[in-house]
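Structure first, then comments.
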Amino acid sequence: MGDFGGFGSSSSRYDGGSNGDSEYIRLSDRISTNITKINSNVGELKRYVSQLGTKGDNPRLRDQVSSMQRSTKALVQETSSNLQQLGYLDGATQQEKSQRRLQQEKLKGSFKTAITNFHAVEQAAAKKEKEGVERMRAASFGSGGLGDDAEDEQLLSDRRGYVVHQQEEVDVQAIEDRAAALHQLENDILDVNEIFRDLGAMVHEQGETIDTIENNVESAAVHVETGNNELRQALQSQKKSRKKKCICLILLVVLLGLIGVVIAVTVKK
Numbered sequence: 245m246g247d248f249g250g251f252g253s254s255s256s257r258y259d260g261g262s263n264g265d266s267e268y269i270r271l272s273d274r275i276s277t278n279i280t281k282i283n284s285n286v287g288e289l290k291r292y293v294s295q296l297g298t299k300g301d302n303p304r305l306r307d308q309v310s311s312m313q314r315s316t317k318a319l320v321q322e323t324s325s326n327l328q329q330l331g332y333l334d335g336a337t338q339q340e341k342s343q344r345r346l347q348q349e350k351l352k353g354s355f356k357t358a359i360t361n362f363h364a365v366e367q368a369a370a371k372k373e374k375e376g377v378e379r380m381r382a383a384s385f386g387s388g389g390l391g392d393d394a395e396d397e398q399l400l401s402d403r404r405g406y407v408v409h410q411q412e413e414v415d416v417q418a419i420e421d422r423a424a425a426l427h428q429l430e431n432d433i434l435d436v437n438e439i440f441r442d443l444g445a446m447v448h449e450q451g452e453t454i455d456t457i458e459n460n461v462e463s464a465a466v467h468v469e470t471g472n473n474e475l476r477q478a479l480q481s482q483k484k485s486r487k488k489k490c491i492c493l494i495l496l497v498v499l500l501g502l503i504g505v506v507i508a509v510t511v512k513k
């Protein structure tokens, strides 16, 4: 199907800095804005689609549905690409990386919900368009049958036959146009579905990454605490060693003093 939304593999990573921070803010703001627009467009699309197949159905309404659907799909593709780029802006510190991953997880969750709603309204539009094409084909075939019967019975004038022929040509063109629009809509649905699957994979992968980051943070905290304990033990050992040396030195001085006293007494005798 291809890389419709910009999801794909890449080894590029950015570790923060002023440029990385400003780009991260720009992309996250853009993603949030796009998600809001997608949700708004889905609401409009639902209103338009509800009128398909009713008395309010007309070429202008179908053009509105097609235009809104295409613009929303473009937003979906742009947002998926921006989310991928955002994932490469890791941050400079471990804490910043963890915070950014959590924020990206929330953005992807909101985007996934928006895509789900858009996908549903696309499918509803495709279903109604398919029904519309089938009704047009049935009506066209019915009209053609009446024309053949009239010709066989020679009850229509040449002018009437010409008008019927022209109308049939218009009907056939209209059916072909709607069928082509339906085919494009079905392809768009497949594209959005591909983005949805890629996003699901990214959310799962990111969840594992977040767990790893949290484990690393916890592991780092354990190492720091272990290091502190070892430092305290080393200091205590050092203090004990100094104390022992001091005691030994005192004992040595006392011993030397006693020896000196003994020698002095002996010499006097």
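Position one of the sequence shown corresponds to residue 245 (the working numbering), numbered consecutively onward. Note that CB positions come from ideal geometry on N, CA and C, so glycine has one too. In this text, all values refer to a predicted model and were calculated from it rather than measured experimentally.
Is residue i helix, strand or coil when you go by DSSP?
{"i": "residue 296", "result": "coil"}
{"i": "residue 390", "result": "The pLDDT assigned to residue 390 is 45, lower than 50, so where the model puts this residue is not dependable; a value taken from the coordinates is nonetheless given after this. In this structure, residue 390 counts as helix in the three-state DSSP scheme."}
How about residue i and residue j: are their beta carbons less than 9 Å apart?
{"i": "residue 279", "j": "residue 382", "result": "no"}
{"i": "residue 373", "j": "residue 306", "result": "yes"}
{"i": "residue 285", "j": "residue 319", "result": "yes"}
{"i": "residue 321", "j": "residue 435", "result": "yes"}
{"i": "residue 314", "j": "residue 432", "result": "yes"}
{"i": "residue 264", "j": "residue 336", "result": "yes"}
{"i": "residue 218", "j": "residue 348", "result": "No statement about residue 218 is possible, as the shown extent of the chain runs from 245 to 513 and does not include it."}
Please list, in chain order, all residues of the same chain as residue i whose beta carbon is under 8 Å from its beta carbon, the five residues on each side excluded.
{"i": "residue 419", "result": "377, 380, 381, 384"}
{"i": "residue 296", "result": "305, 306, 309, 369, 372, 373, 376"}
{"i": "residue 283", "result": "358, 361"}
{"i": "residue 303", "result": "none"}
{"i": "residue 504", "result": "none"}
{"i": "residue 440", "result": "356, 359, 360, 363"}
{"i": "residue 301", "result": "295, 376"}
{"i": "residue 497", "result": "none"}
Would you please state the rounded distance, in angstroms, between the beta carbons of residue i and residue j? I believe it to be under 8 Å.
{"i": "residue 351", "j": "residue 276", "result": "7 Å"}
{"i": "residue 323", "j": "residue 355", "result": "6 Å"}
{"i": "residue 370", "j": "residue 430", "result": "6 Å"}
{"i": "residue 330", "j": "residue 271", "result": "5 Å"}
CB-CB under 6 Å to residue i, same chain, minus the five flanking residues each way: which ones, in chain order?
{"i": "residue 268", "result": "333"}
{"i": "residue 405", "result": "Residue confidence is low: residue 405 scores 47 on pLDDT, short of 50, so the model does not pin down where it sits. Its coordinate-derived value is still stated next. So no residue of the chain qualifies."}
Note down, in chain order, each residue of its chain lying with its Cβ closer than 7 Å to the Cβ of residue i, except the 5 sequence neighbours on either side.
{"i": "residue 281", "result": "319"}
{"i": "residue 490", "result": "none"}
Validate contact between the region 331 to 343 and the region 279 to 298 using beta carbons, cut 8 Å, 3 pairs: The answer is no - the region 279 to 298 does not touch the region 331 to 343, with fewer than three Cβ pairs under 8 Å.
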